[in-house]
Structures are given as C-alpha cells and as structure tokens.
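If you read the sequence shown in my numbering, its first letter stands for residue 12, the second for the next number, and so on. We put the beta carbon where it would ideally sit given N, CA and C, even for glycine. For reference, the structure discussed in these notes is given below.
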Amino acid sequence: SVASFASNMIIFCTSSLVGSISDEVGRRRMLLTGIGLNLLVPLALVLIQLYPMMNPAWFYAANISSSFINFTTISLSAISDVVPHRWRASCFGLLLSAFFVGIAAAPLLAIPLSHFRVSLLSLGLSACAFLCGLLFLSETLPAATSEETRRRRKEAAEREVAALLLHYDITALPTEERDDTSRAAPKTRHRWLRRRLRVSRVLCRPFRELLILNRSAFFRILSLLAFFSGI
Numbered sequence: 012s013v014a015s016f017a018s019n020m021i022i023f024c025t026s027s028l029v030g031s032i033s034d035e036v037g038r039r040r041m042l043l044t045g046i047g048l049n050l051l052v053p054l055a056l057v058l059i060q061l062y063p064m065m066n067p068a069w070f071y072a073a074n075i076s077s078s079f080i081n082f083t084t085i086s087l088s089a090i091s092d093v094v095p096h097r098w099r100a101s102c103f104g105l106l107l108s109a110f111f112v113g114i115a116a117a118p119l120l121a122i123p124l125s126h127f128r129v130s131l132l133s134l135g136l137s138a139c140a141f142l143c144g145l146l147f148l149s150e151t152l153p154a155a156t157s158e159e160t161r162r163r164r165k166e167a168a169e170r171e172v173a174a175l176l177l178h179y180d181i182t183a184l185p186t187e188e189r190d191d192t193s194r195a196a197p198k199t200r201h202r203w204l205r206r207r208l209r210v211s212r213v214l215c216r217p218f219r220e221l222l223i224l225n226r227s228a229f230f231r232i233l234s235l236l237a238f239f240s241g242i
C-alpha cells in the first residue's frame with residue numbers, strides 16, 4: 012500500500028512536468044524513457060522468482076520508478092500532435108479502453124500459465140514494446156514547436172531572474188553600490204545569485220507546473236473527480 016501511494020503521488024506531481032518537458036524535447040524520447048522504466052517492473056519480478064533470497068524492495072522500487080514518466084500522459088500528447096481535433100476524443104477513448112482491457116485481461120493469464128511464465132510473458136511483451144518503439148516510433152512533435160517552446164521558457168526564466176536581481180539590488184544592496192557597476196562585490200553576488208536562482212527554478216519546476224490545476228474551475232473540478240474516483 013505504501014508503494015502504491017508513493018507511485019500515485021509521483022504520477023500526480025510529475026505528470027504535468029513530464030508533459031511540459033515533452034513539449035521541449037519531443038514525445039519519442041519521453042515515451043521510450045517511460046517504456047524503459049516500465050520494463051524494470053517485470054524484470055524485477057522475474058529476478059525475484061529466480062533468486063528467492065532477493066530483497067522484494069527491488070520490485071517496489073522498480074514499480075515506484077516507473078511512475079516518474081507516465082506512458083499514458085505522453086501517449087495522449089502524441090495523439091494530440093497528429094490527430095485532427097474532431098477525432099481526438101475518440102482516439103483518447105480508444106487508447107484508454109485498450110489500456111484498461113489489458114489490465115482486466117492480465118489476471119486471466121495466470122489460469123493457463125504459471126506465475127513465473129506470466130512474469131516472463133510480461134517481460135517479453137515489455138521488451139518487444141520497447142524495441143518496437145525504438146525502431147518504428149517516429150517523433151510527433153514538430154521541431155519548430157519544440158524550439159519555440161524552449162525559446163519561450165528560456166525568455167521567461169531570464170525575465171524572472173532579472174526581476175529578482177533587480178529586487179535584490181533595491182532591497183539588499185547599500186545605496187552607494189546600487190548604481191556602481193565597477194565594484195566587484197555586486198558582480199560577484201549577482202553571479203552567485205543568478206546561479207542560485209536558476210537551480211531553485213529547476214527544483215521548484217514540478218510544483219510550478221502543478222499550478223495548471225488552478226487555471227480554471229473546470230480544472231479544479233476535474234482534478235477532484237479524478238482524485239475521488241481513484242479512492
């Protein structure tokens with residue numbers, strides 16, 4: 012239960028961040044990374060059955076790590092890139108229905124197969140999915156779109172850092188040092204502060220991306236419905 016709670020909380024905190032990163036680096040790279048992380052779960056399960064003395068914590072760790080990049084989130088974004096508006100809702104439903112049909116059908120495999128063979132089958136299917144994605148999956152996000160997204164994010168970060176440095180100059184520096192650009196101390200402090208602000212932006216980005224939930228009442232209601240349905 013602890014692993015399930017941690018996995019769901021990671022998905023909640025990183026889904027918006029992963030979607031934002033995929034807008035910059037592309038869908039294919041994020042999809043392959045997500046499939047590769049999902050590959051660790053059946054691999055850990057097979058190894059635990061091959062080596063009974065192996066710590067089961069490895070399986071839970073693999074299960075939690077697979078939640079950092081949610082395959083479904085990137086898949087929906089990729090569909091939005093290539094499918095016209097009038098077909099997107101039906102494609103979203105088809106993808107999710109296939110996902111849940113697979114979840115529903117998976118326990119039935121334990122009837123004709125042993126637990127170990129089911130684990131091997133899961134590992135083989137996951138490996139095939141990764142190879143198919145590596146060989147045949149193409150990038151759906153146009154290069155111009157990703158470059159424009161990176162440019163806008165960089166400009167927004169520079170504006171925020173410049174505003175914070177200006178606030179620092181007004182509130183923290185002595186009056187005689189504010190307009191004197193020849194002094195070495197303010198320059199040194201600016202370089203140190205700029206580096207620190209950039210690091211803090213990277214660390215706070217997952218929480219900043221979550222602010223999309225507060226964009227409108229529709230997002231807030233939809234998030235609450237998703238939360239209660241998960242309970």
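Here DSSP, grouped into helix, strand and coil, assigns Ile80 to coil.
About 6 Å separates the CB atoms of Arg205 and Val172; that is less than 8 Å, so the two are in contact.
Pairing Leu61 with Ala116, the inter-Cα distance amounts to about 25 Å. Assignment of Pro217 by DSSP, reduced to helix, strand and coil, places it in the helix class. In the DSSP assignment, Asn19 falls within the alpha helix (DSSP H) that extends over 13-36. Using a 10 angstroms sphere on the CB of Val210, the tally of other CB atoms stays under 16, which defines it as exposed. Sequence-distant partners of Leu56 (beyond 5 residues in either direction) whose C-beta falls short of 7 Å from its own C-beta, in its chain, are Phe70, Ser130. For the pair Phe111 and Glu169, the Cα-to-Cα distance works out to about 43 Å. Within the same chain, and ignoring the five residues on either side of Ser76 in sequence, the residues whose Cβ sits closer than 8 Å to its Cβ are Leu48, Leu51. For Ile114, the enclosing alpha helix (DSSP H) has its first and last residue at 96-116.
For Asn66, the three-state secondary structure derived from DSSP is coil.
Taking a contact as a CB-CB distance under 8 Å, the pair Ile90 and Arg99 counts as one, their CB atoms being some 7 Å apart.
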